[in-house]
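Trainee: Got a structure for you, questions after.
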Ligand code: HSE
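Have a look at this one:
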């Protein structure tokens with residue numbers, strides 16, 4: 090029986106300076122999607138592990154939606170049974186739907202003998218985002234598929250630009266286990282922003298990109314300020330200001346909200362610093378009743394989706 094299994098990583102979208110257009114892939118943490126030939130022209134979700142509330146209906150599950158879009162594009166309906174293993178919590182702000190969507194796209198492409206290039210899979214995986222949270226943004230699925238840090242300049246395959254990763258850069262992520270739906274978090278955003286704020290944010294984004302090409306940790310740290318989205322969304326995250334100050338006091342290069350939250354992230358120059366930031370952030374929620382999960386990842390340009 091023909092079967093194939095792919096892994097795609099969790100991701101941090103926005104990275105403070107690029108709302109809906111920047112994202113980075115973690116490694117190790119992620120989802121697995123297995124496809125099994127079912128000798129029909131229909132797809133079926135047959136198993137979801139660790140995803141209690143995720144839908145089995147093929148028109149509602151991001152994995153089957155992605156596969157259907159690929160089948161329509163190819164006019165080739167080779168049906169598969171789909172098994173999904175969630176590696177981290179849905180609604181965490183670490184790209185849960187995107188990890189599943191990217192793994193589904195990567196697996197089905199390999200299953201068919203790779204009719205699409207990895208960059209071409211991003212548009213299909215983004216359809217999984219549309220069904221999961223109402224917007225086909227690519228800032229999670231692009232790094233989940235390509236690995237490393239990816240800038241989505243537009244929606245065509247050539248618009249996904251892989252940026253260099255600073256040598257030896259670590260990221261700490263902390264997930265406070267409270268519910269924040271991406272669709273709700275997006276509704277909080279104001280429609281208009283003062284031009285002076287936009288101008289300053291554009292400068293910071295430019296400086297961030299330069300810092301990556303110059304492997305300049307100081308410039309990286311000085312550029313990673315979110316002037317637009319953080320002030321609106323931080324209200325969703327209990328003790329956000331205390332978390333931020335704690336991370337910075339423990340030598341974080343930068344701190345911010347991962348995607349639509351509630352997870353937060355902090356960059357560290359080395360592993361020892363990452364460990365002390367993680368420990369200090371966990372302490373902020375001690376005795377609050379909020380359960381946390383935290384992770385340390387060393388960033389890599391090779392962290393994208395893969396067959397396992
Ligand atoms: N860029 C999206 C947002 C990511 O911030 O709403 C959602 O994970």
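Residue numbers (my numbering): 90 to 397.
Note that CB positions come from ideal geometry on N, CA and C, so glycine has one too.
This structure is a prediction, so every number in the text was calculated from the model and none was measured.
1) Give me the DSSP bridge partner(s) of residue 261.
2) Taking residue 103 as the reference, which of 315, 378, 326 has the closest Cα?
3) Closest by CA to residue 95, which one among 140, 367, 173?
4) In terms of residue numbering, what span does the alpha helix (DSSP H) encompassing residue 158 cover?
5) Relative to the C-alpha of residue 132, which candidate in 272, 373, 120, 145 has its C-alpha closest?
6) Between residue 348 and the ligand HSE, is the CB less than 7 Å from at least one heavy atom?
7) Under the DSSP definition of a beta bridge, which residues are partnered with residue 98?
8) Using only the heavy atoms of the ligand HSE, determine whether one of them is closer than 7 Å to the beta carbon of residue 102.
9) Taking the Cβ atom as the reference point for each residue, do residue 252 and residue 321 lie within a distance shorter than 8 Å?
10) Just to confirm, does residue 271 get its C-beta within under 7 Å of one of the non-hydrogen atoms of the ligand HSE?
11) State the CB to CB distance for the pair residue 237 and residue 124, rounded to an integer number of angstroms; the pair is presumed to be in contact (CB under 8 Å).
12) So, with DSSP's three-state summary, where would you put residue 377?
13) Would you kindly work out how many angstroms separate the C-alpha atoms of residue 335 and residue 341, rounded to a whole number?
Mentor: Based on what the coordinates show:
1) 355, 385
2) 315
3) 173
4) 151 to 163
5) 145
6) yes
7) 119
8) yes
9) no
10) yes
11) That pair is no contact at about 26 Å.
12) coil
13) 9 Å
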